[in-house]
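K.L.:
Protein chains in written order, with my numbering: chain A, 1 to 337; chain B, 338 to 674; chain C, 675 to 1041; chain D, 1042 to 1408. The beta-carbon is built from N, C-alpha and C at its ideal position, and this holds for glycine as well.
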Amino acid sequence: MTATDTGKESGMKTMTLLEALNDAMHTEMANDDRVVVFGEDVGLKGGVFGTTQGLQEKFGTERCFDTPLSECGIIGTAVGMAVYGMRPIAEIQFLDFIYPAFDQIVSEAAKIRYRSGGEYTCPLVIRAPSGGGIRGGHYHSQSSEAYFCHTPGLKVVMPSTPSDAKGLLIASIRDEDPVMFLEPKKIYRDLKVKGEVPAGEHIVPLGKGRVVREGTDCTLVAWGAMVQVAEKAAEQAAERGRSIEIIDPRTLVPLDEPMILESVKKTGRAVIVCEAPRTGSYAGEIAAIIAEKAIEYLEGPVARVTGFDTPFPYTLENLYMPDARRVLRAIEHTFNW
Amino acid sequence: MTATDTGKESGMKTMTLLEALNDAMHTEMANDDRVVVFGEDVGLKGGVFGTTQGLQEKFGTERCFDTPLSECGIIGTAVGMAVYGMRPIAEIQFLDFIYPAFDQIVSEAAKIRYRSGGEYTCPLVIRAPSGGGIRGGHYHSQSSEAYFCHTPGLKVVMPSTPSDAKGLLIASIRDEDPVMFLEPKKIYRDLKVKGEVPAGEHIVPLGKGRVVREGTDCTLVAWGAMVQVAEKAAEQAAERGRSIEIIDPRTLVPLDEPMILESVKKTGRAVIVCEAPRTGSYAGEIAAIIAEKAIEYLEGPVARVTGFDTPFPYTLENLYMPDARRVLRAIEHTFNW
Amino acid sequence: MTKALTIIENDGKAAKGKDPNLSAEQLEKLYRTMVTTRVMDERALALQRQGRIGFYLMSTGQEASHLGSAFALQDSDWLFPAYRQPGILLLRGADLDDVVNEWFGNAGDLCKGRQMPVHYSMRSINFFSISSPIGTQISQATGAAMAAKIRKEDTVFMTFMGDGGTSSNDFHCGLNFAGVYKSPVVFVCENNQWAISVPVEQQTASETIAAKAQAYGMPGVRVDGNDILAVYRVCREAVERARQGEGPTLVETVTYRIGSHSSSDDASRYRDQAEWERWKERDPIQRFQRYLKHKKIWSEELEKDATESAKESINAAIKRAEERAEPSIDSMFDDVYMNTTPQLDEQRESLASLEGPAEEEQGAFPL
Amino acid sequence: MTKALTIIENDGKAAKGKDPNLSAEQLEKLYRTMVTTRVMDERALALQRQGRIGFYLMSTGQEASHLGSAFALQDSDWLFPAYRQPGILLLRGADLDDVVNEWFGNAGDLCKGRQMPVHYSMRSINFFSISSPIGTQISQATGAAMAAKIRKEDTVFMTFMGDGGTSSNDFHCGLNFAGVYKSPVVFVCENNQWAISVPVEQQTASETIAAKAQAYGMPGVRVDGNDILAVYRVCREAVERARQGEGPTLVETVTYRIGSHSSSDDASRYRDQAEWERWKERDPIQRFQRYLKHKKIWSEELEKDATESAKESINAAIKRAEERAEPSIDSMFDDVYMNTTPQLDEQRESLASLEGPAEEEQGAFPL
Ligand SMILES: Cc1ncc(C[n+]2csc(CCOP(=O)(O)OP(=O)(O)O)c2C)c(N)n1
Ligand SMILES: Cc1ncc(C[n+]2csc(CCOP(=O)(O)OP(=O)(O)O)c2C)c(N)n1
Ligand SMILES: [Mg+2]
Ligand SMILES: [Mg+2]
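Below, the structure written as structure tokens:
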């Protein structure tokens, strides 16, 4: 893994999503000495997935270090650091293990600016691998972005390509507010996802979606690892003569509503794909926005393809997670219902 | 406050919502010695709102007791008790303070039955005062039901009348699974809400909504303290010649979808009212269900009247919370858009 | 059980060799601040009783405990307070208007009317924003201290919690991280014997709160929390250790919550009158007065002047505060993020365009 | 630092006056269980390496630590384990098929294929369902113990955690509640020096883990975790105290994680070979063997028989497990609640009616 040391380099490099994240941290730690990275096993081991590899070696144990096994402590201290003027990047080993820190995230990080009338701020990035797809079963697979999306004061970001991963992570580090940076671990090293990433400084602004694929008949909204699934389904639909548009919001909060609404107004149909359990998932929020603001354009029901309303299983993971079959069926449903 | 000792009494008593909750606990503690009640200040003080008054006196310090100041400990030990065969009722002093226990709720209570293949179960009731309306500001006012609704394995209940409060709480205590029992503190002692409650054993089954008011032109869905607001708006709309139906789901999970869908199919219009911040609120889930399953009946956009996407304010509380003005405007919007 | 350090003896003399030898000026400043704190608490509670503010929470009986600790800091050191250390605002020279506006949540409130009374935030004096959830400030203080150490600054951090706060998640991780990273932070636990209606014996089976320090590899010190010199001395040492890079300390100040938990609570329902009277006799201001008398600093005039000028300035600030408007409706949508979002703009406009008066129905705050 | 209790001396003799005097039958049972546990771990890791199961997590080196503790219980006592005490299943006579089916998550798995390998649940032997989140079982064990006390039963509860687990929220509240309510629970911390790549010195600045007991007003005992007799003796006393109503105990077993953290980890990247070798020499099975030899219980035949019969029965169970089908698709929707819901029914049907094969793409588990 080659890291970018300064913002001055240019050109493109081919990277996995994981390498792009690593590159982003190398870049920002070199750019700004307020940036520190910490969490469980992020130092010498370089993270259980290897995302923080080389950071401790390069920037020393003061700027990249291991913590005791306490997510509450990781986020509590990160909040204190951010308030005091640092730019902490706190790694939570798996999103499933973030809950001991939930209070510090929703009661503290999210509210410090507001409750102090803007006197204090909390520019903090919480990175966590999210979602299924690695046979992690019950507790290494969950997608709980909806909890954070429902928490005013937090921004919520999830990339689906290496270039976005780097650009969004740098934008998150530079953001003046707390950002939940959720990483689709299923595609960390996916070679189909591997792609070109600008070297050096590269920013993808928060709050702007990406049109993954243009189409005219039906809009798919998907993020993280589900973008892949949506693309596969779109290709299969294309074979049946359906022209599918895919939107990846990239930032879930604040959401790029105009991009989604514009697309739905054009296509008249919408399917939202999301790994999380159906009830209360962020897919519902997007469906609700469409039902509120674009109802007159709709030519069919707003469909959701999601995880099921069960905890995450181990053996049957492949059936639990939305796949192209299910997305395709939902697309068809918006035509024939 | 008079308590009911056995399930054998009959007749009706007029009670506040808070008295009805107290009555439910008295009833079930007398009925079933596996029921214990604990939390901060629930013993001698009888709870900061007085909901547990008289329980310690009546049932002794082994069955109703104070705990150290740790929500994590309250729920962690409650889970252990439930697994071991008790029927704990754990009080969280304010829903805003539940987050130190979030891990025990979403990772443990919610998943124990599933992850153990049904070997172990967790019949636990977590009671917490929820929502705004008492000038509690930032941290004594929040409505975070959406977090729990998005957690498979939990049931989520919120009463809006004294009779439902008692009947749903008894049903929750007898339920074999963990129930989040959220209490609309704004109307704990509201004399307009005060009403008849059956003495002794009284059960309102989970999963069944209530038609609060019948109407033909537009459906309002509201729960907890928002039912009052919906009723007021409905009256005002009636003055304008609109016939409004109001549905109180009472149980948010599992949701009585048929009742809501049937109503919307009849009226062709839907407004969902909910105190929580808009983005990711449960209002979105209900809107999404309607957009998915009743789109062909809709004659207007599915509107949401919610709290704003800010943390909860203190001074401007009355403006933050949905009121009849806002509901009325939304109703009109479903007609004229 | 470790005996708590005491300095001021019954006759007002300092225990031999223990007097921290503060200057007359320093002593007078401490005394005046204690008095002003007490007066402020009384005035504010009265305001609450009159329905002019919505809530209040007193520190009566704990003035020595929180003022003695904070006095051991330099002005550049940071505080991560709980909600029962209002005197520190005065000690650090806060503008009284800033304090009083917060009670009213008016347009002049630094917090813009977003938090209940007593949840101050005052960046100008390095006083961090107070939060309601118990304990969260503890690990934050550790984090800020870790940051200062990484930056090689010599700032020291002091955070406060109650006896109830020692049961919180953040107590555990905050002290544990501070021990591991040897962070420059002083943890002050004001053990006032009660967490609302729960006595400290039901809070923990530990013999003392100070004893909990051992679990984190740091010193734990127990001090008479109603003796301002003892508190100062112990905290002074802890602050110096922190500044020298020797790591954190847990200080337990043994004191008593003389008032009810807050304006919503009635402690007589669960607390023993005799216990209360015992502690009432150990009043920290009178205790300090005896020392000052012995030192020939205290006089009736001083007391009168301290009390009267406190009343005057607080009353004046109240008068000004009551004349101020509420925060603007628009302001409710500010400070969620640095910049607004399209969603917030839409919601702000939707509220602004609403017709008719807002409703005015509310329940009562119980806590 | 408190010295850890040791009983088995280098020559295999028990330290004077410390031998718990277990019967030959008991000793043999312990020995056989240790051997079977080791064999099982080796077989399972091999299966993982061959791609036949998805994940495994070994207890090698910690057999004395977890078996000695659990042996101090009665069968009616309850266990709230972490994930590194597989030997207890064998000690309590679990059906090997139940153990092995869990690795495969097949239709015979008691957990119905919902959890990763090693997250056993076995109600029939009072072995509570293992969870991945570190520490959550600790406060649960306290709660169950509180329940038994309320019901005036004499059941004792034992819960396990690693050194990393002592930093968790639930360690703090679990021990604190147990102290306050004097609950019949024994907290066993297997201090194996590492939490994945984080050494215990970076986990806490406390001199020992046992020292943390003081913060909760309970005894803390440190014991040589590779000495099964010492572990048994210490736990036996703790269990007796608990059963007599004298409250909880924290036991620290000082041991070592001989393997990598799990099948996904490579400890050589962060761990010192010399340290590993030092601990390897203190192997708990060999240590116990020396004692048994001295007692004339151990023989080469015993060892061979223990090893061979373990291999045989495990291999047979593996063979049966591999022949079993996956859990049914429908079963994915069971056990969310006692009764299904309309939503779950709808989702179950929707999945059942899907055409074509499911996709088979997955990343690798890293931990
Ligand atoms: C996490 C959390 N749980 C519960 C509460 C409600 N509450 C407010 S103050 C208090 C007692 C605090 O006691 P202690 O820490 O001793 O501080 P003191 O009030 O005595 O200064 C409680 C339970 C809260 N604010 N936060
Ligand atoms: C709350 C939580 N955070 C992180 C993890 C990831 N994780 C799994 S095991 C482990 C280390 C545990 O160390 P220790 O408690 O010492 O137990 P050991 O593995 O040594 O037996 C970590 C960090 C987790 N499972 N749960
Ligand atoms: Mg207290
Ligand atoms: Mg360990």
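Using 9 angstroms as the limit for Cβ to Cβ distance, is D/R1180 near chain C?
P.N.:
Counted from its first residue, the fourth sequence places residue 1180 of chain D at position 139. The sequence given here has Ser at residue 1180 of chain D, not Arg. It does not: the Cβ of D/S1180 has no partner Cβ on chain C nearer than 9 angstroms.
K.L.:
Is D/R1125 a contact residue of ligand 2, with contact defined as CB to any heavy atom under 8 angstroms?
P.N.:
Here residue 1125 of chain D is taken as the residue at index 84 of the fourth sequence, counted from 1. Checking every heavy atom of ligand 2 against the Cβ of D/R1125, one is found closer than 8 angstroms.
K.L.:
Measuring CA to CA, which of B/A628, B/E377, B/V373 and B/K350 is closest to C/W868?
P.N.:
Counting from one through the third sequence, the residue named residue 868 of chain C turns up at place 194. Checking every option, the nearest Cα to that of C/W868 belongs to B/E377.
K.L.:
If we require 4 or more residues per run, which alpha helix (DSSP H) segments fall completely within the stretch 620-666 of chain B?
P.N.:
The qualifying runs are 654-657.
K.L.:
Taking 8 angstroms as the cut-off, does the CB of D/E1242 come closer than this to any heavy atom belonging to ligand 4?
P.N.:
Working through the fourth sequence from its first residue, we reach residue 1242 of chain D at position 201. Result no, Cβ not under 8 angstroms from ligand 4.
K.L.:
Just to confirm, does D/H1213 get its C-beta within under 8 angstroms of one of the non-hydrogen atoms of ligand 5?
P.N.:
As far as ligands go, the structure on display features ligand 1, ligand 2, ligand 3 and ligand 4 and does not contain ligand 5.
K.L.:
Taking a cut of 9 angstroms between CB atoms, which residues from the stretch 1199-1224 of chain D lie near chain A?
P.N.:
Cβ contacts with chain A: G1203, D1204, G1205, G1206, T1207, S1208, S1209, N1210 and D1211.
K.L.:
The alpha helix (DSSP H) spanning D/W1144 covers which residue range?
P.N.:
As a working mapping, residue 1144 of chain D is identified with position 103 in the fourth sequence. Unbroken alpha helix (DSSP H) run through D/W1144: L1137 to F1145.
K.L.:
For ligand 1, is there a heavy atom less than 8 angstroms away from the beta-carbon of B/D378?
P.N.:
Taking the second sequence and counting its residues from 1, the one referred to as residue 378 of chain B is at position 41. Yes, ligand 1 has a heavy atom inside 8 angstroms of this Cβ.
K.L.:
Under 7 angstroms between beta-carbons, which chain A residues line up against D/P1368? List them in chain order, please.
P.N.:
For the purposes of this step, residue 1368 of chain D is identified with residue 327 of the fourth sequence, where counting begins at 1. Those are T315 and L316, listed as they occur along chain A.
K.L.:
In this structure, does DSSP put D/M1163 in helix, strand or coil?
P.N.:
Along the fourth sequence, read from residue 1 onward, the residue named residue 1163 of chain D stands at position 122. Of the three classes helix, strand and coil, the one that applies to D/M1163 here is strand, per DSSP.
K.L.:
Enumerate in chain order the residues of its own chain whose CB-to-CB distance from B/R424 is below 7 angstroms, with the five nearest sequence positions on each side excluded.
P.N.:
Position 87 of the second sequence holds residue 424 of chain B. D369, R371, V372, P460 and I510, listed in sequence order.
K.L.:
Please find out if some non-hydrogen atom of ligand 2 comes closer than 8 angstroms to the beta-carbon of B/E654.
P.N.:
Walking along the second sequence from the start, residue 654 of chain B turns up at place 317. For ligand 2, not one heavy atom lies less than 8 angstroms from the Cβ of B/E654.
K.L.:
Using 8 angstroms as the cut-off, classify the Cβ of C/N900 as near or not near the heavy atoms of ligand 3, replying yes or no.
P.N.:
Position 226 of the third sequence, counted from the start, is the residue given in the question as residue 900 of chain C. For ligand 3, not one heavy atom lies less than 8 angstroms from the Cβ of C/N900.
K.L.:
Roughly how many angstroms lie between the CA atoms of A/D175 and B/Q393, to the nearest whole one?
P.N.:
Position 175 of the first sequence holds residue 175 of chain A. Position 56 of the second sequence holds residue 393 of chain B. Between A/D175 and B/Q393, the C-alpha separation is close to 51 angstroms.
K.L.:
Taking the runs of the beta strand (DSSP E) that are 3 residues or longer, which of them lie wholly in the stretch 856-925 of chain C?
P.N.:
Qualifying beta strand (DSSP E) stretches, in chain order: 859-865 and 894-898.
K.L.:
Quick check: is any heavy atom of ligand 2 less than 8 angstroms from the C-beta of A/F97?
P.N.:
By one-based count along the first sequence, residue 97 of chain A stands at place 97. Yes - ligand 2 has a heavy atom lying nearer than 8 angstroms to the Cβ of A/F97.
K.L.:
Which value, in whole angstroms, describes the spacing of the CA atoms of D/H1107 and B/A447?
P.N.:
Sequence index remark: in the fourth sequence, residue 1107 of chain D carries index 66 (1-based). Sequence index remark: in the second sequence, residue 447 of chain B carries index 110 (1-based). Taking the straight line joining both Cα atoms gives about 28 angstroms.
K.L.:
Is C/R788 close to chain B, meaning its C-beta is less than 9 angstroms from at least one C-beta of that chain?
P.N.:
On the third sequence, position 114 is the one that residue 788 of chain C refers to. Chain B, which has a Cβ nearer than 9 angstroms to the Cβ of C/R788, makes this yes.
K.L.:
Using CA coordinates, which residue listed in A/I134, A/F181, A/K232 and A/D164 is at the minimum distance from A/L154?
P.N.:
Indexing the first sequence from 1 puts residue 154 of chain A at position 154. The candidate whose alpha carbon is nearest that of A/L154 is A/F181.
K.L.:
What are the start and end residues of the alpha helix (DSSP H) that includes B/M563?
P.N.:
Here residue 563 of chain B refers to the residue found at position 226 when the second sequence is read from its first residue. Element bounds for B/M563: M563 to E576.
K.L.:
Looking at chain A, which residues of the stretch 796-820 of chain C have a Cβ within less than 7 angstroms of any of its Cβ atoms?
P.N.:
Taking 7 angstroms as the Cβ-Cβ cut-off against chain A, the residues of the stretch 796-820 of chain C that qualify are R797, F802, S803, S805, P807, T810, S813, Q814, A815, T816, G817, A818 and M820.
K.L.:
Helix, strand or coil, according to DSSP, for A/P152 in the structure here?
P.N.:
In the first sequence, counting from the first residue as 1, residue 152 of chain A sits at position 152. Here A/P152 sits in coil by DSSP.
K.L.:
Is B/P521 helix, strand or coil when you go by DSSP?
P.N.:
Residue 521 of chain B sits at position 184 when you count from the first residue of the second sequence. The answer is strand: DSSP assigns B/P521 an E or B state.
K.L.:
For a contact defined as C-beta to C-beta under 7 angstroms, what are the partners of A/I295 on chain C?
P.N.:
Working through the first sequence from its first residue, we reach residue 295 of chain A at position 295. In chain order: nothing, as chain C lies at least about 17 angstroms away.
K.L.:
Whole-angstrom Cβ separation of A/S141 and A/F312, contact assumed at under 8 angstroms?
P.N.:
Counting from 1 along the first sequence, the entry for residue 141 of chain A is found at position 141. Counting from 1 along the first sequence, the entry for residue 312 of chain A is found at position 312. A/S141 to A/F312, Cβ: 4 angstroms. Contact.
K.L.:
Any beta carbon of chain A sitting closer than 9 angstroms to that of B/E629?
P.N.:
The residue you call residue 629 of chain B lines up with position 292 of the second sequence. Closer than 9 angstroms: yes.
K.L.:
Against chain C, with Cβ distances strictly below 9 angstroms, would B/P437 count as a contact?
P.N.:
Working through the second sequence from its first residue, we reach residue 437 of chain B at position 100. Yes, contact with chain C.
K.L.:
Within 9 angstroms (strictly less), CB to CB, does A/V36 reach chain D?
P.N.:
If you number the first sequence from 1, residue 36 of chain A lands on position 36. No, A/V36 does not count as interfacial toward chain D.
K.L.:
Which residues bound the alpha helix (DSSP H) around C/T810?
P.N.:
The residue given as residue 810 of chain C occupies position 136 in the third sequence. Counting along the chain, the alpha helix (DSSP H) containing C/T810 begins and ends at T810 to I824.
K.L.:
So that I know if they touch, is there some Cβ in chain B lying closer than 9 angstroms to that of D/L1270?
P.N.:
Residue 1270 of chain D sits at position 229 when you count from the first residue of the fourth sequence. By this cut-off, D/L1270 is not an interface position.
K.L.:
How about B/E408: is its Cβ closer than 8 angstroms to a heavy atom in ligand 1?
P.N.:
Sequence index remark: in the second sequence, residue 408 of chain B carries index 71 (1-based). Because some heavy atom of ligand 1 lies under 8 angstroms away, the Cβ of B/E408 counts as near it: yes.
K.L.:
For B/T339 and B/M349, I'd like the C-alpha separation in whole angstroms.
P.N.:
Here residue 339 of chain B refers to the residue found at position 2 when the second sequence is read from its first residue. Here residue 349 of chain B refers to the residue found at position 12 when the second sequence is read from its first residue. Reliability of the predicted coordinates at B/T339 is poor, the pLDDT of 37 falling under 50, and the value obtained from them is presented with this limitation in mind. Cα-Cα distance, rounded: 12 angstroms.
K.L.:
What is the rounded straight-line gap between the Cα of A/R329 and the Cα of D/S1350?
P.N.:
Taking the first sequence and counting its residues from 1, one reaches residue 329 of chain A at position 329. Taking the fourth sequence and counting its residues from 1, one reaches residue 1350 of chain D at position 309. About 53 angstroms.
K.L.:
Could you pull the start and end residues of the alpha helix (DSSP H) that D/W1320 belongs to?
P.N.:
Along the fourth sequence, one-based indexing puts residue 1320 of chain D at 279. It spans Q1314 to K1321 - the alpha helix (DSSP H) in which D/W1320 sits, taken as one unbroken run.
K.L.:
Confirm, please, whether the CB-CB distance from D/I1049 to D/D1324 is below 9 angstroms.
P.N.:
Sequence index remark: in the fourth sequence, residue 1324 of chain D carries index 283 (1-based). Sequence index remark: in the fourth sequence, residue 1049 of chain D carries index 8 (1-based). For D/D1324 and D/I1049, no; Cβs fall outside 9 angstroms.
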